[in-house]
Amino acid sequence: MKVSVRVLNDWVVVPCKNGQDTIAWLGDEAVRRYVKNKPATTRGGCNVIGNVLELRTAQAGSLLDPDDHIQDVVDDNDFIITVLESDEKHKDIPPVGFLSRQQIDSRFEEATQYMTLDGNSLSSDDLVQLGKGVYKIKLSESAWNKVAKARALLDEIISENKVAYGLNTGFGKFARVVIPAEKLSELQRNLIRSHAAGVGEPLSQEKTRMLMALRINVLAKGYSGITTATLQQYIAAFNASCLPYVPEKGTVGASGDLAPLSHLALGMIGEGKMWSPKSGWADANTVLEAHGLQPIKLGPKEGLALINGTQLITSITVLALERAAAVARQADVVAALTLEVLKGTTRAFDSDIHAQRPHKGQQEVAARLRALLHSEYHPSEIAESHRFCDRVQDAYTMRCCPQAADFLAIGIHELANISERRIERLCNPAYSDLPAFLVNDGGLNSGFMIAHCTAASLVSENKVLTHPSSVDSLTTSGGTEDHVSMGGFAARKALQVVEHVEQVVAIELLAACQGIEFLRPLKTTKPLEAVYQLVRSYVKAWDKDRYMAPDIEQVTKLLREERIWHTVKPYINNYECEILKETRMPSPTATTLDTSKRRKLEEEY
């Protein structure tokens with residue numbers, strides 16, 4: 001067996017032939033091999049990096065006992081990390097944390113089900129599920145046939161010595177330079193290496209899986225000229241969760257996402273870095289070998305086939321869109337709960353009113369709110385308690401929740417904008433008749449004071465992030481690409497806006513649940529009580545100040561996982577199936593209602 005051991009910033013492959021070799025021996029042998037190949041780590045013939053203090057597995061960070069035999073605790077092709085005496089002295093070398101920064105935790109489970117791709121039927125939800133690692137990939141027989149047919153056509157062009165762009169010419173400004181046949185493979189490797197020029201943090205595993213899956217799906221269309229062998233290697237790497245290092249910045253959306261897709265391909269040819277649940281970050285060649293995979297050997301045109309597309313823009317935009325849809329649905333639920341706490345009216349969501357405005361989305365949201373708020377089907381004690389109050393109407397942020405949107409980032413930002421205003425109303429006793437900042441002993445306790453500030457800061461950031469990237473085009477590639485989309489930045493901004501919206505809505509949900517505490521023993525409707533109970537199963541009520549950031553993080557996670565929506569969806573479905581007549585509350589606050597009629601209404605209700 002052999003084991004890959006990380007010493008400082010490099011990986012050393014150590015053969016383990018003796019069944020009696022111990023973990024302590026493994027660490028010492030890895031250091032010996034490292035020093036042997038790195039003369040700079042010795043001074044006067046002595047090792048200057050120090051002794052091994054401990055060894056840990058790369059996958060879970062588990063501490064290994066130095067006295068254990070290797071074969072008892074380590075598998076063939078496993079990855080081990082050394083912690084050395086000199087680690088503190090080598091500040092310029094990435095620490096061990098560099099490996100675990102994006103690792104999946106010990107709950108990672110390899111997918112057992114397959115999704116069949118044919119290049120044409122992949123949905124946005126399918127792509128998100130592939131990004132989450134729920135499925136492995138296989139191609140349909142028709143897709144394989146199309147890929148093989150396209151490659152045969154390309155091979156025919158090569159055999160006839162025809163000149164074709166990207167096949168035997170340079171790229172972009174060098175399109176008129178013809179490349180000799182013996183250098184066609186080198187041309188493709190050089191293309192990948194030179195175009196792998198991205199910067200910034202690496203994409204998360206989820207985004208990289210989506211990027212890789214979408215590229216596989218595009219290649220499955222059978223128009224790129226890729227070989228079936230290369231495509232099969234991409235699929236095998238995806239299924240093994242061998243994910244190349246792809247920096248998030250560097251694309252302008254011209255001729256595709258060239259830099260990100262080049263980094264993806266770079267890992268697949270065995271260069272650069274690669275991540276897997278088994279190894280963490282390591283040299284791509286080492287990770288591929290550990291999973292029984294070989295680096296791709298690019299044939300004519302294959303480099304271009306792997307990088308010419310907009311899969312980064314598309315995958316991140318899809319992720320933003322799916323999460324935006326999820327938080328939009330759940331923002332309606334949170335708005336309903338806030339409306340209850342602030343003792344608002346349901347009359348603004350009357351179906352007759354919304355039928356007069358031809359906006360399908362607005363009508364759907366109004367119907368959703370009617371299903372959650374006070375009705376004969378879902379009565380609310382809180383709503384009954386203020387039936388005959390003297391308030392004529394609610395603030396806009398409470399009665400104008402349903403809105404239509406034109407652009408994703410701008411539209412989804414409006415949810416946070418309105419949500420933050422509702423948080424203000426919950427925290428301000430002038431609007432809510434609740435304790436200031438939703439906490440007792442104000443002054444001694446600050447309650448939701450700074451949580452509201454956090455929401456306001458996120459909304460303010462969104463106002464900058466919603467500036468359209470498309471209006472800021474630049475000329476690139478020597479004037480060949482004279483107007484570019486900046487789609488990569490637009491997609492990343494949209495996703496960041498969605499993340500901020502999730503956090504703002506999470507703060508509102510926490511505030512609304514805290515407001516409920518001050519209205520007890522009255523209860524709200526069954527679906528909203530179910531939401532309250534879900535939140536309280538993770539976050540207890542505030543009786544005095546405590547560390548709030550973990551609460552916000554936990555409820556944001558509930559929203560991201562759509563737990564709020566899954567909680568209320570059965571109630572909404574039942575309401576829509578069983579309700580025969582819409583509950584229309586009389587309006588005792590109407591200016592035309594005289595005292596006798598008001599008294600009669602009070603007697604009836």
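So the sequence shown is numbered by the working numbering: it starts at 1 and just counts up by one. No residue lacks a Cβ here, since even glycine has one placed at the ideal position from N, Cα and C. This one's a predicted model, so the numbers in the text were calculated from it and none came from an experiment.
By the Cβ-count criterion, Phe238 is buried, with 16 or more other Cβ atoms from all chains shown falling within 10 Å of its own Cβ.
Residue state for Thr454 is assigned as helix, using DSSP reduced to three classes. In this structure, Ile81 and Ala58 form a Cβ contact; the two beta carbons are roughly 5 Å apart against a cut-off of 8 Å. As the crow flies, the alpha-carbon of Thr567 is around 56 Å from that of Lys17.
Glu561 and Lys36 have their C-alpha atoms roughly 50 Å apart. Distances from the CA of Pro429 to each of Gly411, Ile412, Met449 were compared; the closest alpha carbon is that of Met449. The residue among Glu110, Ser255, Val12 with its C-alpha nearest the C-alpha of Asp78 is Val12. For Ala196, no beta strand (DSSP E) encloses it, and the DSSP letter there is neither H nor E. By the 16-neighbour rule on beta-carbons within 10 angstroms, Phe174 is exposed.
The C-alpha of Ala196 lies about 56 Å from the C-alpha of Gly442. In the assembly as shown, Glu340 is a buried residue. Its beta-carbon has 16 or more other beta-carbons within 10 Å. Looking at the DSSP output, Gln113 shares a beta bridge with Tyr135. Proximity to Glu156 across Arg492, Ala490, Pro300, Glu381 peaks at Pro300, based on C-alpha coordinates. Cβ neighbours of Arg189 within its own chain (closer than 8 Å, five residues either side excluded): Ile269, Leu298, Gly303. For Ile80, the enclosing beta strand (DSSP E) has its first and last residue at 79-84. Ranked by how close their Cα comes to the Cα of Tyr114, the residues Asp257, Ile313, Ile235 have Ile235 in first place. Inter-segment contact for the segment 319-338 and the segment 275-291 is absent: fewer than three beta-carbon pairs are separated by less than 8 Å. Where Trp565 is concerned, the enclosing alpha helix (DSSP H) starts and stops at 563-578.
DSSP places Ser276 inside the beta strand (DSSP E), whose first and last residues are 273-276.
When Cβ pairs closer than 8 Å are counted between the two stretches, the segment 238-249 is seen to touch the segment 124-142, the count reaching three or more. As the crow flies, the alpha-carbon of Gln503 is around 11 Å from that of His452. Distance from the CA of Leu127 to the CA of Ser121, rounded to the nearest whole angstrom, comes to 11 Å. Closest in C-alpha terms to His69, from the list Leu84, Ala30, Leu26, Ala60, comes Leu26. Contact annotation, Ile507 with Ile423: C-beta distance approximately 6 Å; criterion of less than 8 Å satisfied.
Nearest in C-alpha terms to Cys389, of all of Cys427, Gly344, Leu519, is Gly344. Under DSSP, Thr57 shares a beta bridge with Ile80. Asn308 places its beta carbon less than 7 Å from that of Gly256.
Following the DSSP letters along the chain, one finds Ser432 inside the alpha helix (DSSP H) bounded by residues 429-432.
Annotation for Asp551: the continuous alpha helix (DSSP H) segment containing it runs 549-560. In the assembly as shown, Arg368 is a buried residue. Its beta-carbon has 16 or more other beta-carbons within 10 Å.
In this structure, Ile296 is the residue among Ile552, Ile296, Ile192 with its C-alpha nearest to the C-alpha of Leu231.
Per the coordinates, the alpha-carbon of Ala60 lies some 15 Å from the alpha-carbon of Glu110. A direct Cα-Cα distance of roughly 5 Å separates Gly267 from Ala284.
The DSSP-derived three-state label of Trp281 is strand. In this model, Arg425 and Tyr431 are separated by some 5 Å (Cα to Cα).
Assigned with DSSP and collapsed to three states, Thr22 falls in strand.
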